[in-house]
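S.K.:
Following this line, the structure appears as structure tokens:
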């Protein structure tokens, strides 16, 4: 991790601890769901190296823009926020699954592809959604009216303002402290804490039945997960987390600071992870948490698919140069470009795409963009992509991932799990990065390239690199395919019985 990020994490944790100590006990839980606690570099430019390179005036302008946009959003939310919706399914189980509508399949049974439910091991379910559209059978809930919103806002703002004056009087105001201050202040001004407040009170009032002894969350350390762990601690229940995605160093929200642990930052009591390597990285920061291994249902198909052969591989290694006249099934090499719906990584991947289109290689390369299913490109990026499609410089994939892998000679991305899936299928990969943004460790260093140095020769080298069997074995291990599937039976066997 870069030194500047470590310093910002230190300032964030210090701010969290001081706020927890100074806020009234009834609202302290809000701190643990704020952006200084759920530290997500993908949500703010403040975490990126680009921000550190800015001069004083540029940094102050960045702060002003962030706060200004947050105030506008906050005014809108103050007027429009009416609460959220929840639906409670009771099966008289000791385990309560708390789950957002975003990871629920569109069925009346309310199933999720992230957990296999055994018939004889049912769980209670508490489903929630931010709108009626996401949960048509849901019950509306909110404890907030205009007066309560104003009172809570001023309590949070006063605590933050007092912390600033104390740090100023102690001569401890640094740029990194201001970064942390702006992260928390923007969260307050945008009124993003409304849902956190209501979610906490809904679970306390209606969510937990007398038979519930365990709170299960499939989104590890997200803001609502921290609320679940807080309530579990308060009610003497056990919190169970199940790893949702791949855990790498840049996903800072998985890594609570030791100083936060000492002031009882809420953490799960049980954590299902994919491998011993992941357990080893997390265990020092979860000193009282028990770890078990599992395979997420989202990765279980790899148990049978890891040996999928790449049709171009045999002929591919015989020819190591990109040439118009090379022998290939389409007479052109297919370069698949993928993203992961995070704004920061979109910037990097789309810049790589632009660099490739400038090389006028369409006579011997097919540039195929495969957007994330939930992708929402900005207007300017949409126009650029559409223009490139019209000029036949790129094409947009309409095929399945398996089909794209079979045709691809190279897969390019920044922080997409598609890169790891390509490696597992032994399809050549290239990770791209920009020095202005955090470099993802999802792609192994031998396979990465700086965007500004992206050339035909670099593509050629990545296409011709032989796959490392040890690396592939490690990837297989770290997605848990050698473990038992995550099922309700496994949870009951290891945690309940």
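Residue numbers (the numbering used here): 322 to 818.
A virtual CB, placed ideally from N, CA and C, is assigned to each residue, including glycine.
Everything numeric in this text was worked out from a predicted model, so none of it was measured.
Going by other Cβ atoms of all chains shown within 10 Å of its Cβ, with 16 needed for buried, is residue 596 buried or exposed?
M.R.: Indexing the chain shown from 1 puts residue 596 at position 275. Burial call: buried.
S.K.: Can you tell me whether residue 563 is helix, strand or coil according to DSSP?
M.R.: Numbered from 1 along the chain shown, position 242 holds the residue referred to as residue 563. DSSP places residue 563 in strand when its eight states are reduced to three.
S.K.: Does DSSP put residue 461 in a helix, in a strand, or in coil?
M.R.: Working through the chain shown from its first residue, we reach residue 461 at position 140. Residue 461 sits in a strand when the DSSP states are folded into three classes.
S.K.: Quickly, what does DSSP pair residue 658 with across the bridge? List them, please.
M.R.: By one-based count along the chain shown, residue 658 stands at place 337. Partner(s): 690, 733.
S.K.: Buried or exposed for residue 469, going by 16 or more other Cβ atoms inside 10 Å?
M.R.: Within the chain shown, the letter at position 148 stands for residue 469. Exposed is the call here.
S.K.: Near residue 461, what residues of its chain come up, given a Cβ to Cβ distance below 7 Å and the 5 sequence neighbours on each side ignored?
M.R.: The residue you call residue 461 lines up with position 140 of the chain shown. Excluding residues within five positions, the ones whose Cβ falls inside 7 Å are 404, 406.
S.K.: Assuming residue 341 and residue 349 are in contact, meaning their beta carbons sit under 8 Å apart, how far apart are those beta carbons, in whole angstroms?
M.R.: As a working note, residue 341 is residue 20 in the chain shown. As a working note, residue 349 is residue 28 in the chain shown. Indeed, because the Cβ distance is near 5 Å, the residues count as touching under 8 Å.
S.K.: Let me see if you follow: with CB-CB separation under 7 Å, is residue 780 close to chain C or not?
M.R.: Checking the listed chains, one finds no chain C in this structure; it contains a single protein chain.
S.K.: If you reduce the DSSP assignment to three classes, tell me which class residue 716 lands in.
M.R.: Taking the chain shown and counting its residues from 1, one reaches residue 716 at position 395. The three-state secondary structure of residue 716, taken from DSSP, is strand.
S.K.: Give me the Cβ distance between residue 765 and residue 792, rounded to the nearest whole Å; I'm assuming they're in contact under 8 Å.
M.R.: Taking the first residue of the chain shown as position 1, residue 765 is located at position 444. Taking the first residue of the chain shown as position 1, residue 792 is located at position 471. Sure, about 6 Å apart at Cβ, within 8 Å.
S.K.: Would the stretch 724–739 count as touching the stretch 697–715 if we require 3 or more Cβ pairs under 8 Å?
M.R.: no
S.K.: Go ahead and pull the three-state DSSP assignment for residue 776.
M.R.: Numbered from its first residue, the chain shown carries residue 776 at position 455. Coil at residue 776, not helix or strand.
S.K.: Could you give the C-beta distance for residue 446 and residue 418, rounded to a whole number, given that I count them as a contact under 8 Å?
M.R.: Taking the chain shown and counting its residues from 1, one reaches residue 446 at position 125. Taking the chain shown and counting its residues from 1, one reaches residue 418 at position 97. The distance from the Cβ of residue 446 to that of residue 418 is about 5 Å, consistent with a contact at the 8 Å cut-off.
S.K.: Of the choices 780, 814, 796, whose alpha-carbon is the least far from that of residue 654?
M.R.: By one-based count along the chain shown, residue 654 stands at place 333. Measuring from the Cα of residue 654, the nearest candidate turns out to be 780.
S.K.: When you compare the CB positions of residue 761 and residue 571, do they come within less than 7 Å of one another, or not?
M.R.: Within the chain shown, the letter at position 440 stands for residue 761. Within the chain shown, the letter at position 250 stands for residue 571. Cβ atoms of residue 761 and residue 571: closer than 7 Å.
S.K.: Rounded to the nearest angstrom, what separates residue 555 and residue 718 at their Cα positions?
M.R.: Taking the first residue of the chain shown as 1, we reach residue 555 at position 234. Taking the first residue of the chain shown as 1, we reach residue 718 at position 397. Computed Cα separation, rounded: 49 Å.
S.K.: By the three-class DSSP mapping on this structure, what secondary structure does residue 420 have?
M.R.: In the chain shown, counting from the first residue as 1, residue 420 sits at position 99. In the structure shown, residue 420 sits in a strand (DSSP, three-state: E or B).
S.K.: Within 10 angstroms of the Cβ of residue 544, are there 16 or more other Cβ atoms? Answer buried if so, exposed if not.
M.R.: By 1-based counting over the chain shown, the position of residue 544 is 223. Counting Cβ neighbours within 10 Å, residue 544 comes out buried, since at least 16 surround it.
S.K.: Would the stretch 475–493 count as touching the stretch 357–376 if we require 3 or more Cβ pairs under 8 Å?
M.R.: no
S.K.: Measuring straight from C-alpha to C-alpha, what distance separates residue 669 and residue 756?
M.R.: Within the chain shown, residue 669 is the residue found at index 348, counting from 1. Within the chain shown, residue 756 is the residue found at index 435, counting from 1. For residue 669 and residue 756, the distance between alpha carbons rounds to 10 Å.
S.K.: Using a threshold of 7 Å, state whether the C-beta atoms of residue 808 and residue 439 are closer than that.
M.R.: The sequence position of residue 808 within the chain shown is 487, counting from 1. The sequence position of residue 439 within the chain shown is 118, counting from 1. The answer is yes: Cβ separation under 7 Å.
S.K.: Residues in its own chain within less than 6 Å of residue 720 by CB, not counting five upstream and five downstream?
M.R.: Here residue 720 refers to the residue found at position 399 of the chain shown. Same-chain partners within the cutoff: there are none.
S.K.: Nearest CA to the CA of residue 610: which residue from 686, 617, 550, 509?
M.R.: Numbered from its first residue, the chain shown carries residue 610 at position 289. Residue 610 has its Cα closest to that of 550, out of 686, 617, 550, 509.
S.K.: Can you give the Cα-Cα distance for residue 331 and residue 594, rounded to whole angstroms?
M.R.: Reading the chain shown from its first residue, position 10 is the one you call residue 331. Reading the chain shown from its first residue, position 273 is the one you call residue 594. When rounded, the distance between both Cα atoms is 26 Å.
S.K.: Is the beta carbon of residue 665 closer than 7 Å to that of residue 754?
M.R.: Translated into the one-based positions of the chain shown, residue 754 becomes position 433. Translated into the one-based positions of the chain shown, residue 665 becomes position 344. Cβ atoms of residue 754 and residue 665: not closer than 7 Å.
S.K.: Tell me which residue opens and which closes the alpha helix (DSSP H) that residue 757 is part of.
M.R.: Here residue 757 refers to the residue found at position 436 of the chain shown. Element bounds for residue 757: n/a, residue is neither H nor E.
S.K.: Check whether the stretch 572–579 touches the stretch 382–400, counting contact only when three or more Cβ pairs, one atom from each stretch, lie closer than 8 Å.
M.R.: no
S.K.: Counting C-beta neighbours from all protein chains within 10 Å, is the total for residue 689 16 or more, i.e. buried, or is it exposed?
M.R.: For the purposes of this step, residue 689 is identified with residue 368 of the chain shown, where counting begins at 1. It is buried - the Cβ of residue 689 has at least 16 other Cβ atoms within 10 Å.
S.K.: Closest to residue 305 by C-alpha separation, out of 520, 566, 489, would be which residue?
M.R.: Nothing about residue 305 can be read from this structure; the chain reaches only from 322 to 818.
S.K.: Give every residue of the same chain whose Cβ lies closer than 8 Å to the Cβ of residue 797, excluding the five residues on either side of it in the sequence, and list them in chain order.
M.R.: The residue you call residue 797 lines up with position 476 of the chain shown. Closer than 8 Å at Cβ, skipping near neighbours: 623, 627, 745, 803.
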